[in-house]
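These notes are about the structure you will find just below.
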Amino acid sequence: MIFPSCKEVSHLVSQGLDRRLGFGERVRLRAHLAICDGCTNFKRQVEFLRKAMLRLGSE
Amino acid sequence: MEDFRTRVEAERPYLLRYAGRQLRDGHAAEDAVQETLLAALAGAAAFAGRSNLRTWLTGILKHKIIDAIRRARRDGPAPDPDIADLDSALYDERGHWVDPPSAWPDPDASLEQRQFLAVLERCLERLPAKTAQAFMMREHMGFETGEICKELGVTATHCWVLLYRARAALRECLQANWFQK
């Protein structure tokens, strides 16, 4: 889909932490994030979650 | 040797916390740690020359945890999570956020707060079993997705759904219980 929904984008954001996204996926993701605050916050927050888990693992 | 034994024993509480977070079963965690300490003492020579005892012990513990996960899997597979429930709570029928995530003010500062880590642990405990297992293997033990799918006996696509589900649920939980709107 050329214009992905927030639902698809948040799935892609999550998968981006687990596999290398394809070129088309990265393009659609970047285009959507440029105009969507909700998904941009979602991306920052799941990335933060990774950092928080590293911190927890050192406790 | 006595000194080595004392240093290994001193890591027991850390190893128990580590195993407990991943296995969510006090007995299984105790067993994994006990096996790790025994293996460490038997293999003391292998440690010689390595700098970090905790890192070395955690490496052994990860293998014992995987053994425990394999044993638990043989006892019967957990039911599949129903992704549709979560997605229909988060998005409307056109796939837009019902309640778009708002920015978190200075999240990094939270990392230094004990209370924040306690909230994160409580949020982790609320995840469904299999979802938690996949997420902890990924973000706690640092496994690649391929290894996780293999150990859990699920497809790559299913693995990504489990990880997505965990992240989305944890994000919601932290939003509600720490980064209040």
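Those sequence lines, one after another, are chains A and B. Residues 200 to 258 in our numbering are what the first sequence spells out, letter by letter. Residues 882 to 1062 in our numbering are what the second sequence spells out, letter by letter. Ideal placement from N, C-alpha and C gives every residue a C-beta, glycine not left out. Predicted model, so just to flag it, every value in this text is computed and none were measured.
*Sorted by chain position, which residues of the same chain lie with C-beta nearer than 7 Å to B:ILE947's C-beta, five sequence neighbours on each side aside?*
Within the second sequence, residue 947 of chain B is the residue found at index 66, counting from 1. Within the same chain, GLU1032 come within 7 Å of B:ILE947 by CB-CB distance, once the 5 residues on both sides are set aside.
*Check whether the region 977-996 of chain B touches the region 232-245 of chain A, counting contact only when three or more Cβ pairs, one atom from each stretch, lie closer than 8 Å.*
Touching, per the Cβ criterion.
_Near-chain B residues of the region 204-233 of chain A (beta-carbon distance less than 8 Å), N- to C-terminal order_ = Within the region 204-233 of chain A, the residues whose Cβ lies closer than 8 Å to some Cβ of chain B are SER204, CYS205, LYS206, GLU207, SER209, HIS210, SER213, GLN214, LEU216, ASP217, ARG218, listed in chain order.
*Assuming B:LEU1008 contacts B:ALA1047 (C-beta within less than 8 Å), just tell me the rounded distance between them.*
Working through the second sequence from its first residue, we reach residue 1008 of chain B at position 127. Working through the second sequence from its first residue, we reach residue 1047 of chain B at position 166. A Cβ-Cβ separation of about 6 Å places B:LEU1008 in contact with B:ALA1047 under the 8 Å criterion.
*asked:* So that I know if they touch, is there some Cβ in chain A lying closer than 8 Å to that of B:LEU1044?
replied: Here residue 1044 of chain B refers to the residue found at position 163 when the second sequence is read from its first residue. Interface criterion met: the Cβ of B:LEU1044 is under 8 Å from a Cβ in chain A.
*Alpha-carbon spacing of B:ALA1057 relative to B:LEU1051, whole angstroms*: Working through the second sequence from its first residue, we reach residue 1057 of chain B at position 176. Working through the second sequence from its first residue, we reach residue 1051 of chain B at position 170. Computed Cα separation, rounded: 10 Å.
*How would you label B:THR1012, buried or exposed, when you count the other beta carbons within 10 angstroms and need 16 or more for buried?*
Within the second sequence, residue 1012 of chain B is the residue found at index 131, counting from 1. Within a 10 Å sphere around the beta-carbon of B:THR1012 sit 16 or more other beta-carbons, which makes this residue buried.
*asked:* To the nearest angstrom, how far is the alpha carbon of B:ALA920 from that of B:LEU934?
replied: Residue numbering aside, residue 920 of chain B sits at position 39 when the second sequence is read from its first letter. Residue numbering aside, residue 934 of chain B sits at position 53 when the second sequence is read from its first letter. One Cα belongs to B:ALA920, the other to B:LEU934, and the distance between them is close to 13 Å.
*Does B:GLY1023 get closer than 8 Å to chain E when you measure Cβ to Cβ?*
The structure shown has no chain E; the protein chains it does contain are A and B.
*Who are the near neighbours of B:LEU942 in its chain, counting only those whose CB is closer than 8 Å to its CB and skipping five residues on each side?*
Translated into the one-based positions of the second sequence, residue 942 of chain B becomes position 61. Non-local beta-carbon contacts of B:LEU942 in its own chain, meaning distances under 8 Å to residues more than five positions away in sequence, involve LEU896, TYR899, ALA900, ALA913, VAL914, THR917 in chain order.
*asked:* Buried or exposed, going by whether 16 or more other CB atoms sit within 10 Å of the CB of B:ALA1049?
replied: As a working mapping, residue 1049 of chain B is identified with position 168 in the second sequence. Counting the other Cβ atoms within 10 Å of the Cβ of B:ALA1049 gives 16 or more, which makes it buried.
*asked:* Tell me which residue opens and which closes the alpha helix (DSSP H) that B:ALA926 is part of.
replied: Stepping through the second sequence from its first residue, residue 926 of chain B is reached at position 45. For B:ALA926, the enclosing alpha helix (DSSP H) stretches over residues 925-928.
*Tell me, please, which residues DSSP counts as bridged to B:TRP978.*
If you number the second sequence from 1, residue 978 of chain B lands on position 97. Looking at the DSSP output, B:TRP978 sits in a beta bridge with B:TYR972.
*May I ask whether a heavy atom of the ligand COA can be found less than 7 Å away from the beta carbon of A:VAL208?*
With respect to small molecules bound, the structure shown includes none, and the ligand COA cannot be examined in it.
_Considering just the uninterrupted stretch of the alpha helix (DSSP H) at B:ARG1052, what are its terminal residues?_
The count along the second sequence starts at 1 and reaches residue 1052 of chain B at position 171. That run of the alpha helix (DSSP H) goes 1037-1058.
*Which of helix, strand or coil DSSP assigns to B:ARG931*: On the second sequence, residue 931 of chain B is found 50 positions in, with the first residue counted as 1. Coil at B:ARG931, not helix or strand.
*Using three-state DSSP, classify A:LYS250 as helix, strand or coil.*
The residue labelled residue 250 of chain A in the question sits at position 51 within the first sequence. Note: A:LYS250 maps to helix in three-state DSSP.
*Exposed or buried, which one is B:GLU890 when buried takes at least 16 other CB atoms within 10 Å?*
Counting from 1 along the second sequence, the entry for residue 890 of chain B is found at position 9. In the assembly as shown, B:GLU890 is an exposed residue. Its beta-carbon has fewer than 16 other beta-carbons within 10 Å.
*Does A:PHE202 come within less than 8 Å of chain B when only Cβ atoms are used?*
One-based indexing of the first sequence puts residue 202 of chain A at position 3. Output row for A:PHE202: interface = no.
*Applying the criterion that 16 or more other CB atoms from any shown protein chain within 10 Å of the CB defines a buried residue, is B:ALA864 buried or exposed?*
In this structure chain B extends from 882 to 1062, so residue 864 of chain B is not present and cannot be described.
*Expressed to the nearest angstrom, what Euclidean distance is found between the alpha-carbon atoms of A:GLY221 and B:LEU967?*
Here residue 221 of chain A corresponds to residue number 22 of the first sequence, with the count starting at 1. Here residue 967 of chain B corresponds to residue number 86 of the second sequence, with the count starting at 1. Counting only the Cα atoms, B:LEU967 lies some 26 Å from A:GLY221.
*For B:ARG955, which of B:GLU1028, B:THR1038, B:GLY1034 has the nearest alpha-carbon?*
Locating residue 955 of chain B in the second sequence gives position 74, where the first residue counts as 1. Ranking the options by Cα distance to B:ARG955, first place goes to B:GLY1034.
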